[in-house]
Amino acid sequence: NVVPLMKRKEGDYEMEIGMLAERLRASRTKAGKEGEKRQSIRTRLLIIPLVSVILIFVAIVMVTSYNVEKSLTAEMRNTGDLMSKQIIERIEDNVTSLETVNQSINNDIRTVAKTVTSLPEEELSNDQLARIANDFQIPVLSYYSAEGAVIYSNLPDYIGFRPKEGTAFYDFLRSSEAELIEDVRKDEISNTYVKYGAIKNPDGTVVQVGVPGEQVINLTEQFGYQRLMTDLADTDELVYATFIDNNLQG
Numbered sequence: 397n398v399v400p401l402m403k404r405k406e407g408d409y410e411m412e413i414g415m416l417a418e419r420l421r422a423s424r425t426k427a428g429k430e431g432e433k434r435q436s437i438r439t440r441l442l443i444i445p446l447v448s449v450i451l452i453f454v455a456i457v458m459v460t461s462y463n464v465e466k467s468l469t470a471e472m473r474n475t476g477d478l479m480s481k482q483i484i485e486r487i488e489d490n491v492t493s494l495e496t497v498n499q500s501i502n503n504d505i506r507t508v509a510k511t512v513t514s515l516p517e518e519e520l521s522n523d524q525l526a527r528i529a530n531d532f533q534i535p536v537l538s539y540y541s542a543e544g545a546v547i548y549s550n551l552p553d554y555i556g557f558r559p560k561e562g563t564a565f566y567d568f569l570r571s572s573e574a575e576l577i578e579d580v581r582k583d584e585i586s587n588t589y590v591k592y593g594a595i596k597n598p599d600g601t602v603v604q605v606g607v608p609g610e611q612v613i614n615l616t617e618q619f620g621y622q623r624l625m626t627d628l629a630d631t632d633e634l635v636y637a638t639f640i641d642n643n644l645q646g
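Note that the numbering used here gives residue 514 to position 118 of the sequence shown, counting from 1, and the numbers run on in steps of one.
So this is what it looks like as structure tokens:
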């Protein structure tokens, strides 16, 4: 039944060539698909681990940054709370010290004034007041009549002086108050800053004592709020500091 090669028809050759070409195309298609499949596997083997590593790294960085930020915030909050407590304690100490200083100055004024009021009237004189002022290192010591005029003083320029109407001392002379402690003010005669205090006798005469205002100002500033704010601002922990009172005034 084998057909001799020479007897095959021309169409038989064409059929065989077509079949071989079809087999070749099928083989190539199969090989291409297998190559693509192998390439896809290699890609997955490389890309998936790399992406996983990147995601893990990003997650670690985010968690670390969050923990660091949280730790720094907590540390700053704790430092702020500690500094606030220290500042409050220092303010309280300064207030106490300032009150002590003012009380000490006021007591010194009372002591000098009572020394003068304890003298018999016949011993009162300019020289006597000058000696007492020198002993207590007081710049101004005057004795006022019940009418409100200086009749004795350690400073001759003050003899005959009368306070101006509207001043605290003018009102005191005409009041029933027995004592007056003033803030530091500029003296009307010497034009220097003086802190005055006065004690009134039962007969209406008054002893006025003046202590150096500059000394009082220096002591007050030493324990004042401005000095405290300046000291706080000079520290490395703070950049700016201000004090606000109950009226929200800085």
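Glycine included, C-beta positions come from ideal geometry on N, C-alpha and C.
Check	Outcome
Integer Cβ distance of Val603 from Ala509, believed to fall under 8 Å	4 Å
Cβ-based burial, Asn397 [other Cβ within 10 Å; buried from 16]	Interpretation of Asn397 is limited by its pLDDT of 43, a score under 50 that renders its predicted location unreliable; the figure taken from the coordinates is listed afterwards. Classification for Asn397: exposed.
Expected contact under 8 Å - CB spacing of Asp504 and Val590 to nearest Å	Contact doesn't hold; Cβ gap of about 14 Å is too wide.
Length of the line joining the Cα atoms of Thr626 and Phe619	12 Å
Helix, strand or coil at Asp579 according to DSSP, with G and I counted as helix	strand
Nearest candidate by alpha-carbon position, reference Gln622, set Val491, Val457, Asp477 and Pro598	Val491
Buried versus exposed, by CB contacts within 10 Å (16 or more), Phe568	buried
CB contact flag (Ile595, Ala574, <8 Å)	yes
The beta strand (DSSP E) enclosing Gly544, as first and last residue numbers	First-last for Gly544: undefined, no H or E at that position.
Inter-residue spacing [alpha-carbon to alpha-carbon] between Asp523 and Gln482	52 Å
Short Cβ contact (8 Å threshold) for Thr601 with Ala542	yes
Nonlocal neighbours in the same chain, by C-beta distance under 8 Å from Val459, ignoring five residues either side	none
Residue of Pro535, Ser549 and Ser493 minimising C-alpha distance to Leu520	Ser549
Cβ distance (whole Å) where Val580 is taken to contact Gly609 below 8 Å	4 Å
Within 8 Å, strictly: CB atoms of Leu615 and Arg486	no
Gly600, DSSP secondary structure in three states	coil
Beta-carbon spacing of Val536, Leu515 below 8 Å	no
Residue burial classification, Ile452 (beta-carbon count within 10 angstroms, cutoff 16)	exposed
Cα-Cα separation, Val447 to Ser461	21 Å
Counterpart residues of Lys591 in DSSP-defined beta bridges	Val580 and Val607
Sheet register partners of Tyr539 (DSSP bridge)	Tyr548 and Val603
Span of the alpha helix (DSSP H) around Gln524	Asn522 to Asp531
Close beta carbons around Thr343, own chain, < 6 Å, minus the five adjacent residues each side	In the structure displayed, the chain extends from 397 to 646; residue 343 sits before or after that span and is not available.
Spatial neighbours of Pro559 in its chain, beta-carbon cut-off 6 Å, leaving aside the 5 residues before and after	Phe565 and Tyr566
Counted within 10 angstroms of its Cβ, other Cβ atoms place Leu576 as buried (16 or more) or exposed	buried
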